[in-house]
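Data block below; observations after.
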Amino acid sequence: MKKRFLSVALAAAVAMSATACTSNPAESKTTAAPAETKAEETTAAEASSEGEKKEAAADGDLITVGYAQVGAESDWRTANTESFKSTFTEENGYKLIFDDAQQKQENQIKAIRSFIQQDVDYIVVAPVVETGWETVLEEAKEAGIPVILSDRQMQLSDDSLYEAWVGGNFVKEGETCGDWLADYLEKQGRADEEINMVTIQGTIGATAQIGRTRGLYQAAKAYGWNILAEESGDFTQAKGKEVMQSFLEEYPELNMVYCENDNEAFGAIEAIKEAGRTIGTDIRNGEIMVVSFDGVDVDALSCVADGEISCIAECNPLHGPWIEKIIQMMEQGRVPSKYTYVDEGMYSNEDIASSITINGSSYLIRKVNPELLVEHENMQ
Ligand code: AHR
Numbered sequence: 002m003k004k005r006f007l008s009v010a011l012a013a014a015v016a017m018s019a020t021a022c023t024s025n026p027a028e029s030k031t032t033a034a035p036a037e038t039k040a041e042e043t044t045a046a047e048a049s050s051e052g053e054k055k056e057a058a059a060d061g062d063l064i065t066v067g068y069a070q071v072g073a074e075s076d077w078r079t080a081n082t083e084s085f086k087s088t089f090t091e092e093n094g095y096k097l098i099f100d101d102a103q104q105k106q107e108n109q110i111k112a113i114r115s116f117i118q119q120d121v122d123y124i125v126v127a128p129v130v131e132t133g134w135e136t137v138l139e140e141a142k143e144a145g146i147p148v149i150l151s152d153r154q155m156q157l158s159d160d161s162l163y164e165a166w167v168g169g170n171f172v173k174e175g176e177t178c179g180d181w182l183a184d185y186l187e188k189q190g191r192a193d194e195e196i197n198m199v200t201i202q203g204t205i206g207a208t209a210q211i212g213r214t215r216g217l218y219q220a221a222k223a224y225g226w227n228i229l230a231e232e233s234g235d236f237t238q239a240k241g242k243e244v245m246q247s248f249l250e251e252y253p254e255l256n257m258v259y260c261e262n263d264n265e266a267f268g269a270i271e272a273i274k275e276a277g278r279t280i281g282t283d284i285r286n287g288e289i290m291v292v293s294f295d296g297v298d299v300d301a302l303s304c305v306a307d308g309e310i311s312c313i314a315e316c317n318p319l320h321g322p323w324i325e326k327i328i329q330m331m332e333q334g335r336v337p338s339k340y341t342y343v344d345e346g347m348y349s350n351e352d353i354a355s356s357i358t359i360n361g362s363s364y365l366i367r368k369v370n371p372e373l374l375v376e377h378e379n380m381q
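The numbering used here numbers the first residue of the sequence shown as 2 and each following residue consecutively.
Written out as structure tokens, the structure is:
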């Protein structure tokens, strides 16, 4: 057992929950940035741990964290990497060993093994796909190194192989996007329009792909939309463009494209323009409507402001502070919540509603206006 990680028995004795989340993802509470819950949750132990962190950093006794990142395939991913790099600094008491797996599971497995060899204190993994992790996680467990998941999830026969997960609710993101579309068409008296949709999926087998595709299928079934074809664009702009080019050739009747992230949407927009088709919501007269996910940067939000993307279901990449909070709890022998869902909303340029309610949870719809663009520019 690693020196920094108290045994489960000891931890259980001082168990406290990080947030209102439960071990059942469906029941977990949606949460915003850790700072928002800080006031009610800060304890004397946490306050002293801040002091201890600084002292430890000054002593050079840093907590070593290995982060097995998916890659650099999207703007979302870049923002996620940045969130880790700016959180796990030496000044904050950490040594971060960062590995970019270039979207390959075998590289992530190699990185985890190398973290084990380096005897890191914690391993954080953003798994590229959900399956195939059992063996390497067993190895981490044998070495006594706790594993925390960020972003996507893993399908495991034994969930005790990881301590906690932080990320977005991908099925809900897909449902939100579908419900926004239905709401938009209905409020304009256009619910009877024939929807011929194509889907540019994310990396097949990734939680974000599985959830968003599932959300779309539920909406398509509920509202009677046709899904003509689906193909993976691997969450990249280049592949998104390539897939859209082939869809445009094969399905000239398509009038809507569901892109499972903004970078694929950028590629699809290029392909639509190059094919001489028009982007917009007047689908009855030949325009093609684009919807997407993430909403991380000004480029994507500008596309919403310009009407090139009709709506974006937000996916929040700022996981660094959440993971740090989990590590700090574990340092104190406390048991973190198994699942933490980060706060997510919706972006649109249409004035149809200010929120959408799905299974009792309300999603804020933010209208993309110049003020919001400036706000995002300042954040970058
Ligand atoms: O898993 C989150 C997804 O991965 C983001 O939507 C996408 O942009 C990224 O590559």
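Beta carbons are placed, not taken as given, at the ideal position from N, Cα and C, and that holds for glycine.
Quick one: measure Cβ to Cβ for residue i and residue j, integer angstroms, because I've assumed they're closer than 8 Å.
| i | j | result |
| --- | --- | --- |
| F85 | G321 | 5 Å |
| T208 | Q246 | Not a contact, Cβ separation roughly 27 Å. |
| I310 | V297 | 13 Å between Cβ atoms; not a contact. |
| L249 | R278 | 7 Å |
| G72 | Q119 | The Cβ separation is near 21 Å, so there is no contact. |
| V299 | W323 | In fact, because the Cβ distance is near 24 Å, the residues do not count as touching under 8 Å. |
| A165 | T341 | 7 Å |
| K173 | G216 | 7 Å |
| V148 | V126 | 6 Å |
| T459 | E83 | Absent from the model: residue 459. The displayed extent of the chain is 2 to 381, so no value can be given. |
| V258 | I289 | 6 Å |
Please report how far the alpha carbon of residue i lies from the alpha carbon of residue j, in whole angstroms.
| i | j | result |
| --- | --- | --- |
| C304 | C316 | 16 Å |
| V384 | Y252 | It is not possible to answer for residue 384, since the shown part of the chain is limited to 2 through 381. |
| N93 | Q70 | 21 Å |
| K222 | L374 | 35 Å |
| Y364 | M347 | 7 Å |
| L186 | D283 | 11 Å |
| A269 | N81 | 23 Å |
| R78 | D101 | 10 Å |
| I205 | E261 | 11 Å |
| S115 | Y95 | 18 Å |
| N108 | K188 | 48 Å |
| S151 | P128 | 8 Å |
| K111 | V167 | 22 Å |
| F89 | M331 | 16 Å |
| E135 | I211 | 20 Å |
| R191 | E271 | 27 Å |
| A40 | Q329 | Here A40 scores only 28 on pLDDT, less than 50, and its place in the model should not be relied on; the value that follows carries that caveat. The straight-line gap from Cα to Cα measures roughly 16 Å. |
| I327 | I280 | 44 Å |
| D1 | T132 | With the chain covering 2 to 381 only, the question about residue 1 has no answer from this structure. |
| P356 | G179 | Checking the sequence shown, residue 356 turns out to be Ser, not Pro. Spanning the two alpha carbons is a distance of roughly 14 Å. |
| E231 | E254 | 15 Å |
| E325 | E345 | 20 Å |
| S87 | V244 | 35 Å |
| L319 | I117 | 26 Å |
| D62 | A141 | 22 Å |
| A276 | I64 | 53 Å |
| V66 | Q219 | 39 Å |
| E376 | G203 | 28 Å |
| I146 | N256 | 50 Å |
| D160 | W181 | 34 Å |
| G169 | Q156 | 16 Å |
| I113 | T358 | 39 Å |
Once you ignore the five residues that flank residue i on each side, which residues in its own chain have a CB closer than 6 Å to its CB?
| i | result |
| --- | --- |
| F99 | Y68 |
| E265 | I201, G234, G241 |
| A183 | Y224 |
| Y349 | Rather than Tyr, the amino acid found at residue 349 in this sequence is Ser. Correct list, in chain order: C312, I366. |
| V369 | L302, V305, A306, Y348, N350 |
| W226 | I196, M198 |
| F267 | Q238 |
| A314 | E174, T177, C178, F294, M347 |
Within a Cβ cutoff of 8 Å, which residues of the same chain sit near residue i, ignoring the five residues on either side of it in sequence?
| i | result |
| --- | --- |
| E139 | L162 |
| G308 | I280, G281, T282, N350 |
Got a sec? Which residues, its chain only, sit under 7 Å from residue i by beta carbon, not counting five neighbours each side?
| i | result |
| --- | --- |
| A46 | Interpretation of A46 is limited by its pLDDT of 48, a score under 50 that renders its predicted location unreliable; no figure is taken from the coordinates. |
| E194 | L186, I284, R285 |
Taking all protein chains shown into account, do 16 or more other C-beta atoms lie within 10 angstroms of the C-beta of residue i, making it buried, or fewer, making it exposed?
| i | result |
| --- | --- |
| P371 | exposed |
| K105 | exposed |
| G287 | exposed |
| D76 | buried |
| E91 | exposed |
| S158 | exposed |
| T214 | buried |
| S338 | buried |
| S293 | buried |
| T177 | buried |
| D295 | buried |
| D263 | buried |
| G361 | exposed |
| N379 | exposed |
| D122 | buried |
Taking 8 Å as the CB-CB cut-off, is residue i touching chain D?
| i | result |
| --- | --- |
| M155 | Absent from the structure: chain D. Only one protein chain is present. |
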